[in-house]
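Contents: one structure, followed by commentary.
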Amino acid sequence: MRRPILAANWKMHKTIGEAVAFADAFLPLVKDADDVDIVLAPPFPCLDRLGQALGGSNVALAAQNVNPEAKGAFTGEVAPAMLLDVGCRYAIVGHSERRALYGESSEFVARKAESLLAAGLLPIVCVGESLEEREAGRTMEVVGRQLEESLASVTADRAAEVVVAYEPVWAIGTGKTATPDIAQEVHAFIRGKLGERFATAGDQIRIQYGGSVKPDNVDALRAQPDIDGALVGGASLQPESFAELVRLGAA
Ligand code: PGA
Numbered sequence: 009m010r011r012p013i014l015a016a017n018w019k020m021h022k023t024i025g026e027a028v029a030f031a032d033a034f035l036p037l038v039k040d041a042d043d044v045d046i047v048l049a050p051p052f053p054c055l056d057r058l059g060q061a062l063g064g065s066n067v068a069l070a071a072q073n074v075n076p077e078a079k080g081a082f083t084g085e086v087a088p089a090m091l092l093d094v095g096c097r098y099a100i101v102g103h104s105e106r107r108a109l110y111g112e113s114s115e116f117v118a119r120k121a122e123s124l125l126a127a128g129l130l131p132i133v134c135v136g137e138s139l140e141e142r143e144a145g146r147t148m149e150v151v152g153r154q155l156e157e158s159l160a161s162v163t164a165d166r167a168a169e170v171v172v173a174y175e176p177v178w179a180i181g182t183g184k185t186a187t188p189d190i191a192q193e194v195h196a197f198i199r200g201k202l203g204e205r206f207a208t209a210g211d212q213i214r215i216q217y218g219g220s221v222k223p224d225n226v227d228a229l230r231a232q233p234d235i236d237g238a239l240v241g242g243a244s245l246q247p248e249s250f251a252e253l254v255r256l257g258a259a
């Protein structure tokens, strides 16, 4: 049985004060949710204070990005050990916005995943096809390649620590969720690939769905056999809405 994981990707939203206010409202709503991993990924400046607000709770802290290097002349970047130091347990890597807007390649994503694991952090590795790629019938080819390249440095003994997020780019922030069947088809494909690569460990890897997940569609998505949770943008910004997603997604 894979433990479900519901993660909030706040992207470039919330000041420190707003993040702490979210935690104050959110923690009481999810305090009894013990059969699900709950993760909040705020912008970097909020990590320290939000981490303190979450201290001792059942909600884990994540970064939205990381640099694979340990230290050095990399202006504007943040190293894995710095994320660990500030209380992170996870970091999102390879989000489609970073791939598309900042030119991040799967090879770079693979280096990030490797450095995170080496530092004792759990990578949430995102993959997903664009609308153009889906319409051209290239979904499995694109997702398969991203997966293979992005996990290139992960070894079978560490594979279970990785979370994969399937996020079709055409469903992110657009209100167009993939139907549960469409999502399951790709999740099953990913599961098969993970099995080929990591043998039985592939079965332990959680695969989240992401892209316009909301309280009214999470149930049907979670009912699919290979959907182990969700990576949520817009609907994670309000404590009530994300708490509802946690409640429904844990079931
Ligand atoms: P969305 O974003 O839920 O707002 O579509 C999901 C994501 O990009 O992780």
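According to the numbering used here, the sequence shown holds residues 9 to 259 in order.
Just so you know, even glycine gets a beta-carbon here, dropped at the ideal spot from N, CA and C.
Leaving out five residues before and five after Ala258 in sequence, what residues of the same chain have Cβ atoms less than 7 Å from its Cβ?
Position 250 of the sequence shown, counting from 1, holds the residue named residue 258. Same-chain partners within the cutoff: Pro12, Ala41, Asp43, Val44.
Rounded C-beta distance between Val67 and Val94? I'm assuming under 8 Å.
Numbered from 1 along the sequence shown, position 59 holds the residue referred to as residue 67. Numbered from 1 along the sequence shown, position 86 holds the residue referred to as residue 94. The pair is not a contact, with the Cβ atoms about 15 Å apart (cut-off 8 Å).
Outcome for Arg10 when other beta-carbon atoms lying within 10 angstroms are tallied against a minimum of 16
Numbered from its first residue, the sequence shown carries residue 10 at position 2. That one is exposed.
One question on the structure: do Ala108 and Val177 come within less than 9 Å of each other, judged by their Cβ atoms?
On the sequence shown, residue 108 is found 100 positions in, with the first residue counted as 1. On the sequence shown, residue 177 is found 169 positions in, with the first residue counted as 1. Yes, these two residues count as a Cβ contact at 9 Å.
Which residue from Pro53, Val28, Gln154, Ala167 puts its Cα closest to that of Ser114?
Locating residue 114 in the sequence shown gives position 106, where the first residue counts as 1. Of the listed residues, the one whose Cα sits closest to Ser114 is Gln154.
Which of the three DSSP states is assigned to Val171 in this structure?
On the sequence shown, residue 171 is found 163 positions in, with the first residue counted as 1. Strand at Val171.
Hey, Pro188 and Gln216 are a contact pair by Cβ (cut 8 Å); roughly how many whole angstroms apart?
Reading the sequence shown from its first residue, position 180 is the one you call residue 188. Reading the sequence shown from its first residue, position 208 is the one you call residue 216. Beta-carbon to beta-carbon, Pro188 and Gln216 are separated by about 14 Å, too far to satisfy the 8 Å threshold.
Can you pull the DSSP bridge partners for Gly218?
As a position in the sequence shown, residue 218 is number 210, starting the count at 1. The partner list for Gly218 (beta bridge, DSSP) reads Leu239.
What residues in its chain sit with their C-beta under 6 Å from that of Ala78, if we drop five residues either side in the sequence?
Here the question's residue 78 lines up with position 70 in the sequence shown. Setting aside the 5 residues that flank it on each side, Ala78 is surrounded in the same chain by Ala87, each with a C-beta closer than 6 Å to its C-beta; the list follows chain order.
Classify Ala164 as buried or exposed, calling it buried when 16 or more other Cβ atoms lie within 10 Å of its own Cβ.
The residue you call residue 164 lines up with position 156 of the sequence shown. Counting Cβ neighbours within 10 Å, Ala164 comes out exposed, since fewer than 16 surround it.
Among all the DSSP beta bridges, which residues are the ones paired with Ala196?
Counting from one through the sequence shown, the residue named residue 196 turns up at place 188. DSSP, once it has assigned bridges, lists no residue as partnering Ala196.
Of the choices Pro36, Leu256, Pro247, Ala70, whose alpha-carbon is the least far from that of Asn225?
The count along the sequence shown starts at 1 and reaches residue 225 at position 217. Nearest of Pro36, Leu256, Pro247, Ala70 to Asn225, Cα basis: Leu256.
Under 9 Å between C-beta atoms of Ala15 and Ala49:
What you label residue 15 is simply residue 7 of the sequence shown in a count that begins at 1. What you label residue 49 is simply residue 41 of the sequence shown in a count that begins at 1. Cβ distance < 9 Å, so Ala15 and Ala49 count as in contact.
The beta strand (DSSP E) that contains Arg97, what's its start and end?
What you label residue 97 is simply residue 89 of the sequence shown in a count that begins at 1. In the DSSP assignment, Arg97 falls within the beta strand (DSSP E) that extends over 96-101.
What's the C-alpha gap between Ile100 and Val171?
In the sequence shown, residue 100 corresponds to position 92, counting from 1. In the sequence shown, residue 171 corresponds to position 163, counting from 1. Distance between the alpha carbons of Ile100 and Val171 is about 9 Å.
Buried or exposed: which applies to Gln60, given that a residue is buried once 16 or more other Cβ atoms fall within 10 Å of its Cβ?
The count along the sequence shown starts at 1 and reaches residue 60 at position 52. The residue is exposed, with fewer than 16 neighbouring Cβ atoms inside 10 Å.
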